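Single-structure report; data block below.
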Amino acid sequence: MGLGMSDRAAGRCNRAPVELAFVIPGRGRRQPRASPESIRPVLAMSYYVYLLASGKHGTLYLGVTNDLVRRCYEHRTKAAPGFTARYGIDRLVWFEIYDDIVTAITREKQLKKWRRDWKIRLIEEQNPDWSDLYPGISH
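Taking full-length UniProt numbering, the leading residue of the sequence shown gets 1, the next gets one more, and so forth.
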């Protein structure tokens with residue numbers, strides 16, 4: 001970016017891409033124009049609500065992310081100082097997948113209000129041994 005040049009002038013606008021269309025003369029119908037996005041398959045974005053633990057019946061951490069593998073890796077490597085790094089919380093013991101962020105955040109907020117024993121029951125319904133699920137999702 002040059003001196004005094006805004007992001008917009010430099011071509012870095014944060015707007016969503018515009019879908020282009022053209023009209024076939026005599027038909028008056030709009031036909032979609034091919035774009036790179038329409039040619040390659042579109043992958044749906046996934047969002048995850050997850051629980052980490054320091055060990056079986058240990059300290060719990062609840063979070064939401066759009067990249068579970070990356071986020072678990074960050075917790076495991078203590079990439080950022082904070083609660084999980086301080087208390088050694090790095091074992092992925094439970095997660096759910098959502099296709100929209102609003103639903104995922106709503107679920108996270110709901111679970112944050114739950115008592116600890118309810119969260120433990122939720123984990124043990126799907127993962128009774130509190131096995132670390134990270135190796136199964138990280139390859």
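Where a beta carbon is used, it is the ideal one built from N, C-alpha and C, also for glycine.
Values in this document were obtained by computation on a predicted structure and should not be read as measured data.
Go to residue i, then tell me how far its alpha helix (DSSP H) extends in each direction, as first and last residue.
i           : result
residue 58  : Here residue 58 belongs to no alpha helix (DSSP H), and DSSP marks it neither H nor E.
residue 123 : 116-126
residue 82  : Element bounds for residue 82: n/a, residue is neither H nor E.
Confirm, please, whether the CB-CB distance from residue j to residue i is below 8 Å.
i           : j           : result
residue 107 : residue 53  : no
residue 89  : residue 61  : yes
residue 56  : residue 130 : yes
What span of residues does the beta strand (DSSP E) with residue i cover, start to end?
i          : result
residue 89 : First-last for residue 89: undefined, no H or E at that position.
What does DSSP give as the partner residues of residue i in its beta bridges?
i          : result
residue 97 : 48
residue 64 : 49
Would you grab the beta carbon distance between residue i and residue j for me? Rounded to a whole angstrom, and I think it's under 8 Å.
i           : j          : result
residue 50  : residue 95 : 4 Å
residue 120 : residue 64 : That belief does not hold up - the Cβ atoms of residue 120 and residue 64 are roughly 20 Å apart, past 8 Å.
| At least 3 beta-carbon pairs within less than 8 Å: the segment 74-90 vs the segment 99-110 | no
| task | Assess, as a yes-or-no matter, whether the segment 131-138 is touched by the segment 66-73 under the definition of 3 or more beta carbon pairs within less than 8 Å. | result | With the cut-off at 8 Å, the segment 66-73 and the segment 131-138 touch.
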